[in-house]
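As structure tokens, the structure follows; a few thoughts come after it.
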Amino acid sequence: EDQVTQSPEALRLQEGESSSLNCSYTVSGLRGLFWYRQDPGKGPEFLFTLYSAGEEKEKERLKATLTKKESFLHITAPKPEDSATYLCAVQASYNTDKLIFGTGTRLQVFP
Amino acid sequence: NAGVTQTPKFRVLKTGQSMTLLCAQDMNHEYMYWYRQDPGMGLRLIHYSVGEGTTAKGEVPDGYNVSRLKKQNFLLGLESAAPSQTSVYFCASNEGGYGYTFGSGTRLTVV
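Chains as they are written, first to last, in the numbering used here: chain A, 1333 to 1443; chain B, 18 to 128.
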């Protein structure tokens, strides 16, 4: 069964304290892995898509990496405005019509 | 450019009542989706559409119906609401395999 597991469930960081969020997945053929940011009361906002092991993408303080079994979202020198829930999702190559989501990591960054 | 618009934003229903949630997108996307989000469960796919006039079942379709009569609109109907359908509902659209664009959600409470 295709599955996405994110860890930790919640993470509290001091401003400037770098860390990483993990997304491990099992899928019968990965077509793409997606990262989203979700603020309270809002819909998820697209961040990155990764397609193959070894691929990396960056946006401001965020960098996403991908291996054959997991993806990491690295947050460098976070700021309070980075506080949000970060969602990971995978798209299987045998069914590209839909995404399978993890339950997310809730990140809080304190000044 | 509004992206994906959901109406209404909030709704309270009594058990057994019916309602329709409307999703409209202005990006000319072929694919549209309805998800529900519950604490600890992540985003779960209810129904989706791969083009005008098409619909397909997702992971949790029971108790819901959908229609895609126009390319830009995707309607989600609850014929007889149950307390188990209390949730936050998100509509999304994309162009085959690329990052989804989500609406801001509809918070539904069934009492």
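Virtual Cβ for every residue (Gly too), placed ideally from N, Cα, C. As the structure is a prediction and not an experimental result, all values here were calculated from the model.
Residue i Cβ short of 6 Å to the ligand HEM heavy atom set
i, result
"Ser121(B)", "The ligand HEM is absent from the structure shown, which contains no ligands of any kind."
Where residue i sits in the DSSP three-state scheme
i, result
"Asp1429(A)", "strand"
"Glu1390(A)", "strand"
"Leu35(B)", "A small fix is needed here, since residue 35(B) is Ser in this sequence, not Leu. Coil."
"Glu1402(A)", "strand"
"Ser101(B)", "helix"
"Asp55(B)", "strand"
Range of the contiguous beta strand (DSSP E) that encloses residue i
i, result
"Tyr106(B)", "104-111"
"Gln1440(A)", "1437-1442"
"Glu1377(A)", "1377-1382"
"Tyr1418(A)", "1416-1424"
"Ser121(B)", "No beta strand (DSSP E) holds Ser121(B); DSSP gives it neither H nor E."
"Tyr81(B)", "81-84"
"Gln1346(A)", "1342-1346"
"Val21(B)", "21-24"
When the options are compared against residue i, the one with the closest alpha-carbon
i, options, result
"Thr1381(A)", "Ala1421(A), Val1441(A), Asp1414(A)", "Ala1421(A)"
"Phe91(B)", "Arg28(B), Leu30(B), Tyr115(B), Leu38(B)", "Leu38(B)"
"Trp1449(A)", "Gly1373(A), Gly1361(A), Ser1356(A), Ser1360(A)", "An answer regarding residue 1449(A) cannot be provided, because it is not within the stretch 1333 to 1443 covered by chain A."
"Arg1344(A)", "Gly1386(A), Asp1414(A), Tyr1383(A), Thr1428(A)", "Asp1414(A)"
"Ser1339(A)", "Gly57(B), Arg28(B), Ser35(B), Thr24(B)", "Gly57(B)"
"Asn1354(A)", "Leu1398(A), Asn1427(A), Ala1424(A)", "Leu1398(A)"
"Leu1394(A)", "Asn1427(A), Ser1384(A), Leu1439(A)", "Leu1439(A)"
"Gly70(B)", "Met36(B), Ser101(B), Glu47(B), Leu95(B)", "Glu47(B)"
"Ser35(B)", "Leu62(B), Lys87(B), Asn82(B), Glu112(B)", "Asn82(B)"
Other residues of its chain near residue i: CB distance less than 8 Å, five sequence neighbours each side excluded
i, result
"Ser1350(A)", "His1406, Ile1407, Thr1408, Ala1409, Pro1410"
"Gln129(B)", "Only positions 18 to 128 of chain B appear in the structure, and residue 129(B) is not among them; the question remains open."
"Lys26(B)", "Ser121, Gly122, Thr123, Arg124"
"Lys31(B)", "Ala98, Val127, Val128"
"Ala73(B)", "His64, Tyr65, Ser66, Val67"
"Pro1412(A)", "Glu1347, Val1441, Phe1442, Pro1443"
"Arg1473(A)", "This structure does not reach residue 1473(A), given that chain A is present from 1333 up to 1443, and the question cannot be answered."
Cut-off 7 Å between Cβ atoms - residues of its own chain near residue i, not counting five sequence neighbours on either side
i, result
"Thr22(B)", "Ala41, Gly120"
"Gly33(B)", "Ser97, Ala98"
"Phe1433(A)", "Val1336, Leu1419, Ala1421"
"Gln54(B)", "Leu60, Ser104, Val105, Phe107"
6 Å Cβ shell around residue i - same chain, five flanking residues per side excluded
i, result
"Gln1335(A)", "Thr1358"
"Tyr50(B)", "Tyr65, Ala109"
"Gly20(B)", "Thr118"
"Glu1390(A)", "none"
"Asp1371(A)", "Ala1416"
"Ser1352(A)", "Phe1404, His1406"
"Ser84(B)", "Leu92"
"Val29(B)", "Thr126"
"Tyr1383(A)", "Gly1364"
Residue i at chain C interface by Cβ criterion, 7 Å
i, result
"Phe27(B)", "This model lacks chain C altogether; the protein chains it does include are A and B."
Residues, ordered as in the chain, of the segment 113-125 of chain B that lie near chain A by beta-carbon distance below 8 Å: The segment 113-125 of chain B vs chain A, Cβ under 8 Å: Gly113, Gly114, Tyr115, Gly116, Tyr117, Thr118, Phe119, Gly120, Ser121, Gly122.
Residues of the segment 1372-1406 of chain A whose Cβ lies closer than 7 Å to any Cβ of chain B, in chain order: The segment 1372-1406 of chain A vs chain B, Cβ under 7 Å: Lys1374, Gly1375, Pro1376, Phe1378, Thr1381.
Positions along the segment 1351-1362 of chain A whose CB lies within less than 9 Å of some CB in chain B: Cβ contacts with chain B come from no residue of the segment 1351-1362 of chain A.
Proximal residues, the segment 61-77 of chain B versus chain A, C-beta separation under 9 Å: Flagged, chain order: Arg61, Leu62, Tyr65, Val67, Ala73, Gly75, Glu76.
Residues from the segment 1416-1443 of chain A in contact with chain B, defined by Cβ distance under 9 Å: Cβ contacts with chain B: Leu1419, Ala1421, Gln1423, Thr1428, Asp1429, Lys1430, Leu1431, Ile1432, Phe1433, Gly1434, Thr1435, Gly1436.
Chain A contacts from the segment 78-91 of chain B (Cβ-Cβ distance under 8 Å): Here the close residues number zero.
Chain-ordered residues of the segment 31-49 of chain B with a beta carbon less than 9 Å from chain A: When CB distances to chain A are screened at a threshold of 9 Å, the residues of the segment 31-49 of chain B falling below it are Tyr48, in chain order.
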